[in-house]
Amino acid sequence: MKKIFAIGIAAALALSMLAGCGEGGDNNNTAPTLSGVPETATVMVGEEWNALEGVTATDKEDGDLTSKIEVSARGLTFTGGKTTPTEPNESRGYQVRYSVKDSGGKESEEEFCTLYVKQAAAELVNVYKADFSDINPKYDWAEGNEGEGNNHWWSLTNKKEGTKASATLKEGQLEVDVTDRNGAGDGELMLTRNFEDLAVGRYKFAVWAKSSENVEINMIAELNENSLKEEFKNQGDETWKKRNLGGGKYNNPETNDMKLGAEYKVYALDFEITEDLLQGNQAEVLFRVGLGVGNNPNAFKADFEKITIWKTTGSNTETDLFSLNSSTGTGGLTIDHLWENAEGTLAYDATEQAVKLDITKYNTKDGIWTIVTKAPLAGATIEAGKKYGIEVEMKAT
Numbered sequence: 001m002k003k004i005f006a007i008g009i010a011a012a013l014a015l016s017m018l019a020g021c022g023e024g025g026d027n028n029n030t031a032p033t034l035s036g037v038p039e040t041a042t043v044m045v046g047e048e049w050n051a052l053e054g055v056t057a058t059d060k061e062d063g064d065l066t067s068k069i070e071v072s073a074r075g076l077t078f079t080g081g082k083t084t085p086t087e088p089n090e091s092r093g094y095q096v097r098y099s100v101k102d103s104g105g106k107e108s109e110e111e112f113c114t115l116y117v118k119q120a121a122a123e124l125v126n127v128y129k130a131d132f133s134d135i136n137p138k139y140d141w142a143e144g145n146e147g148e149g150n151n152h153w154w155s156l157t158n159k160k161e162g163t164k165a166s167a168t169l170k171e172g173q174l175e176v177d178v179t180d181r182n183g184a185g186d187g188e189l190m191l192t193r194n195f196e197d198l199a200v201g202r203y204k205f206a207v208w209a210k211s212s213e214n215v216e217i218n219m220i221a222e223l224n225e226n227s228l229k230e231e232f233k234n235q236g237d238e239t240w241k242k243r244n245l246g247g248g249k250y251n252n253p254e255t256n257d258m259k260l261g262a263e264y265k266v267y268a269l270d271f272e273i274t275e276d277l278l279q280g281n282q283a284e285v286l287f288r289v290g291l292g293v294g295n296n297p298n299a300f301k302a303d304f305e306k307i308t309i310w311k312t313t314g315s316n317t318e319t320d321l322f323s324l325n326s327s328t329g330t331g332g333l334t335i336d337h338l339w340e341n342a343e344g345t346l347a348y349d350a351t352e353q354a355v356k357l358d359i360t361k362y363n364t365k366d367g368i369w370t371i372v373t374k375a376p377l378a379g380a381t382i383e384a385g386k387k388y389g390i391e392v393e394m395k396a397t
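Take the sequence shown: its letter number 198 is residue 198 in the working numbering, and every next letter is one higher.
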């Protein structure tokens, strides 16, 4: 009898302990935390990238969980946290997800890094060019294009009643004359042309333009929804994000980089058509130059000298020629010339993590003042028959 009673008490105690764990154990388990996840990273096609470099994970109960970190991204395969991309993705980038679980099964908050994969172009192949030098272009009798040949098949699309605007082909330019914008907004007054057979690849859409007034424009390469795979259709904003190739190019009020002025200037949009988006092998794309921006004047005249579409092909090997950090300083970058009373200093800025040119004096009266910096190609071997380019990232206040 005593033995049965003892067993009964032991069983009751065990149940009590299990109940205690169930009620308060998970609540006392803190989630692990991730640190060192970069916001962005950039690699070349075919170059291995270690997503875990510099990334750690810790947990209050378990301690170091770095070895348990998991990374994943749609379109990439990771082994031991490393991946070697085979396709470029510069426009949107791959969204790499980081997570880790502790021994109690509790997961950290998700963190993400955008991985941009570059494939520098060895060649720019011209897909289309209109320099408007021919004022009697042949008609394109494809369905829907009848009668549009006079403007090299660029149409001035006016979607708002009461707006008065016209496009006239002149020798060397296409002139858009807006006499009454009538409040036409973005997407209501546009210069457009459709292309039906663009293949997968990276492109540059560029226009050379000027205007009688300061006029903001936007540039969009819009993938026809019929070109999309079925899984991406009818999803509202998500569908539009995939159709709006390259995200479009709009005026930045800080730099006014998409505002026409009195002199011709080139405006460009880089975009990419990826195989994972397409229903078939070719894409139908509508190119738009928006003129109906809300800040634009009511009347203006915009002239387009040239419109081009380029496809980038081939690949390069990219090499860092400078190591710019607090220990290397300017990396060999020096001021070579100062002209017309200009003065400046060059030094590594730890806050910006870049070499900073501080312009302390320049000619404010007349003439042209210039500061020239020189960058030695240390360790670079120049071989005959190969093409070279230098990429410099700059910004200014």
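Virtual Cβ for every residue (Gly too), placed ideally from N, Cα, C. These numbers come from a predicted model, not from an experiment.
Whole angstroms are fine: how far does the CA of residue j sit from the CA of residue i?
i      : j      : result
Val266 : Lys233 : 34 Å
Val117 : Glu87  : 7 Å
Glu305 : Val176 : 11 Å
Ile401 : Ala350 : This structure gives no information on residue 401, because the portion of the chain shown stretches from 1 to 397.
Glu188 : Lys160 : 6 Å
Trp310 : Ala165 : 29 Å
Arg92  : Lys365 : 45 Å
Gly104 : Gln95  : 27 Å
Ile69  : Gln353 : 29 Å
Trp153 : Glu254 : 34 Å
Met44  : Lys82  : 14 Å
Gly162 : Ala130 : 30 Å
Leu52  : Ser67  : 9 Å
Thr157 : Met190 : 5 Å
Asn29  : Gly36  : 23 Å
Leu377 : Tyr388 : 12 Å
Thr397 : Leu357 : 11 Å
Ala167 : Leu174 : 7 Å
Val125 : Arg202 : 11 Å
Tyr398 : Glu90  : With the chain represented from 1 up to 397, any question about residue 398 goes unanswered, as that position is not in the structure.
Glu284 : Asn194 : 7 Å
Val100 : Lys229 : 33 Å
Arg181 : Gln282 : 36 Å
Gly25  : Lys106 : At Gly25 the pLDDT is 47, less than 50, meaning the model places this residue with poor confidence; the figure from the coordinates comes in the next sentence. Straight-line Cα distance between these residues: approximately 12 Å.
Thr381 : Trp339 : 32 Å
Gly80  : Asp62  : 21 Å
Glu111 : Ser212 : 48 Å
Thr328 : Pro38  : 23 Å
Quick one: grab the DSSP three-state call for residue i.
i      : result
Ser227 : helix
Lys233 : coil
Thr255 : coil
Trp240 : helix
Asn214 : coil
Asn126 : strand
Asn50  : strand
Asn28  : helix
Trp153 : coil
Gly247 : strand
Ala165 : strand
Ile135 : coil
Ala181 : The residue asked about is misnamed: residue 181 is Arg in this sequence, not Ala. The answer is coil: DSSP assigns Arg181 none of H, G, I, E or B.
Asp102 : coil
Glu146 : Reliability of the predicted coordinates at Glu146 is poor, the pLDDT of 41 falling under 50, and no value is obtained from them.
Asn296 : coil
Lys306 : strand
Lys2   : The predicted position of Lys2 is uncertain, since its pLDDT is 38 and thus under 50; no value can be drawn from it.
Met394 : coil
Thr370 : strand
Trp383 : Reading the sequence as shown, one finds Glu at residue 383 and not Trp. Looking at Glu383 - three-state DSSP - the assignment turns out to be coil, as it is neither helix nor strand.
Ala262 : coil
Lys160 : coil
Thr83  : strand
Lys173 : Checking the sequence shown, residue 173 turns out to be Gln, not Lys. Strand, per DSSP.
What are the boundary residues of the beta strand (DSSP E) that residue i is part of?
i      : result
Tyr98  : 89-99
Met190 : 189-199
Trp339 : 334-339
Phe112 : 111-118
Phe271 : 265-273
Asp349 : 343-349
Gly290 : 282-290
Leu34  : 33-35
Ala41  : 40-44
Asp358 : 354-361
Are the C-beta atoms of residue i and some chain C residue less than 8 Å apart?
i      : result
Ala350 : No chain C appears in the structure shown, which is made up of a single protein chain.
Is residue i near the ligand ZN, with its Cβ less than 7 Å from a heavy atom?
i      : result
Asn252 : Among the components modelled here there is no ligand, and therefore nothing to report on the ligand ZN.
Does the contact criterion of 3 or more C-beta pairs under 8 Å hold for the segment 337-344 versus the segment 238-248?
The segment 337-344 vs the segment 238-248: no contact.
Check whether the segment 211-221 touches the segment 286-305, counting contact only when three or more Cβ pairs, one atom from each stretch, lie closer than 8 Å.
Output reads yes: the segment 286-305 touches the segment 211-221.
Kindly provide the ranges of any alpha helix (DSSP H) runs that are 4 or more residues long and lie completely inside the segment 55-81, ordered along the chain.
Listed in chain order, nothing qualifies, since the segment 55-81 has no complete alpha helix (DSSP H) run of 4 or more residues.
Could you say if the segment 293-308 and the segment 194-209 meet the contact criterion of at least three C-beta pairs nearer than 8 Å?
A contact exists between the segment 293-308 and the segment 194-209.
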